[in-house]
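Enquirer: For the sequence shown, the numbering used here assigns the number -5 to the initial residue and increments by one for each residue that follows.
Ideal Cβ placement from N, Cα and C applies to all residues, glycine included.
Provided herewith is a single structure, encoded as structure tokens, for subsequent inquiry.
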Amino acid sequence: MNKKFFAAEGAFDEINDSNDNINIGIGTGSTTTIFINEFLPNLKNRINTIFSSSNESTELLENLQFEVSQGAPENFLLDYYIDGADEIDKNYYLIKGGGGAHTKEKILAAASKKFICIVDDSKQVEILGTFPLPIEVIPFAEHSVRRNLGNM
-5 MNKKFFAAEG AFDEINDSND NINIGIGTGS TTTIFINEFL PNLKNRINTI
45 FSSSNESTEL LENLQFEVSQ GAPENFLLDY YIDGADEIDK NYYLIKGGGG
95 AHTKEKILAA ASKKFICIVD DSKQVEILGT FPLPIEVIPF AEHSVRRNLG
145 NM
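Structure follows, in structure tokens:
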């Protein structure tokens, strides 16, 4: 077992102490994949609703017979949003979104009572910026964003 496994196990322990009828959001990435495959099945009977930030995670969840809700949560907050990060500093500031699901990750995190970030020490940095800063741009704004980024 590796550090990512133990980080994912910590997320499971946090959620396992909660009540039944859990509403959760799931992110994407290597540590989140470990959480989905190794620990989430143990919570299956206690999960009311599950949302996914990526096609990759949705496929993993559906392969485990989870029914993934489509769209964003509307009339309630998720109890938890579980995801990894690309970098984390000593102040717990993060760089996220390198897996290409940044916008959905932000929506699910904002719709959650608690964000559980599962990272191991390989993600710790002194100063953020070792990992490229991800951005997502809607098609409508592509040209203006390119122009503005090019002027930086």
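Can the beta-carbon of Glu130 be found closer than 9 Å to that of Thr97?
Expert: Sequence index remark: in the sequence shown, residue 130 carries index 136 (1-based). Sequence index remark: in the sequence shown, residue 97 carries index 103 (1-based). Yes, the pair counts as a contact, with Cβ atoms nearer than the cut-off.
Enquirer: Decide yes or no for the touch test of the stretch 88 to 96 against the stretch 37 to 45: beta carbon pairs closer than 8 Å, at least 3 of them.
Expert: Counting Cβ pairs under 8 Å, fewer than three are found: no touch.
Enquirer: Spatial neighbours of Ile44 within its chain, please: C-beta separation below 7 Å, excluding the five flanking residues on both sides.
Expert: If you number the sequence shown from 1, residue 44 lands on position 50. Excluding residues within five positions, the ones whose Cβ falls inside 7 Å are Ile18, Ile20, Leu55, Phe60, Val62 and Ser63.
Enquirer: In or out: Ile30 buried (at least 16 other Cβ within 10 Å) or exposed?
Expert: Counted from its first residue, the sequence shown places residue 30 at position 36. Looking at its Cβ environment, which holds 16 or more other Cβ atoms inside 10 Å, Ile30 is buried.
Enquirer: What beta strand (DSSP E) runs, 3 residues minimum, are completely inside the stretch 71 to 134?
Expert: Taking only runs of at least 3 residues, the beta strand (DSSP E) segments lying wholly in the stretch 71 to 134 are 72 to 77 and 106 to 111.
Enquirer: Alpha carbons only, please: which of Val139, Asp83 and Asp114 is nearest the one belonging to Ile121?
Expert: Residue mapping note: residue 121 aligns to position 127 of the sequence shown, counting from 1. The option with the nearest alpha carbon to Ile121 is Asp83.
Enquirer: Compute the distance between the beta-carbons of Thr124 and Glu81, then report whether it is under 9 Å.
Expert: Position 130 of the sequence shown, counted from the start, is the residue given in the question as residue 124. Position 87 of the sequence shown, counted from the start, is the residue given in the question as residue 81. Yes.
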